[in-house]
Amino acid sequence: MIGQLNKQDSVISELNSSNNPTAALPMAYDEAMSSLQAKEWKKGIVEELNSMAEQQVFVASNISKELIKETPRDSILSTKWVFVKKGSLQRFKGWLVARGFQQIHGINFEEKFSPTPTFVAL
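Everything in the sequence shown is counted per UniProt numbering, starting at 1 for the first residue and increasing by one.
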């Protein structure tokens, strides 16, 4: 109907609202670093990298990808930063995620495994 908002319009309006904490989330590292909130995003990135170093998730290296010998079975996955705002105090978080879609079943991995705790373990 003309002049009336439908449900879809109100959802889109809510998503674009400045009161919505997810309205202005950066979609890429460069976007986060060029935003007005770059200082907060940088802090979130540093926290993520420190946490990963503490958990020994990976070993940081300055070796370029061209110098590493890849076998068909072992591939180097690229990464992407995912940015979120958490909590009512809007804590800025950056998550470094592997882009696993670059792997091919049967070549880079044979089986899928995702550990889930049992109810007893909780």
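No residue lacks a Cβ here, since even glycine has one placed at the ideal position from N, Cα and C.
List the residues that DSSP assigns as beta-bridge partners of residue i.
| i | result |
| --- | --- |
| residue 130 | Because the chain in this structure spans residues 1 to 122, residue 130 falls outside the shown range and cannot be described. |
| residue 86 | 91 |
What is the rounded straight-line gap between the Cα of residue i and the Cα of residue j?
| i | j | result |
| --- | --- | --- |
| residue 28 | residue 85 | 14 Å |
| residue 30 | residue 99 | 18 Å |
| residue 34 | residue 25 | 12 Å |
| residue 47 | residue 32 | 15 Å |
| residue 36 | residue 83 | 14 Å |
Looking only at C-alpha atoms, which of the options sits nearest to residue i?
| i | options | result |
| --- | --- | --- |
| residue 39 | 91, 119, 118 | 91 |
| residue 58 | 44, 41, 79, 43 | 79 |
| residue 77 | 87, 89, 97 | 97 |
| residue 42 | 89, 81, 116 | 81 |
Quick one: using the 10 Å Cβ neighbour count with 16 as the cut-off for buried, is residue i buried or exposed?
| i | result |
| --- | --- |
| residue 94 | buried |
| residue 44 | buried |
| residue 119 | exposed |
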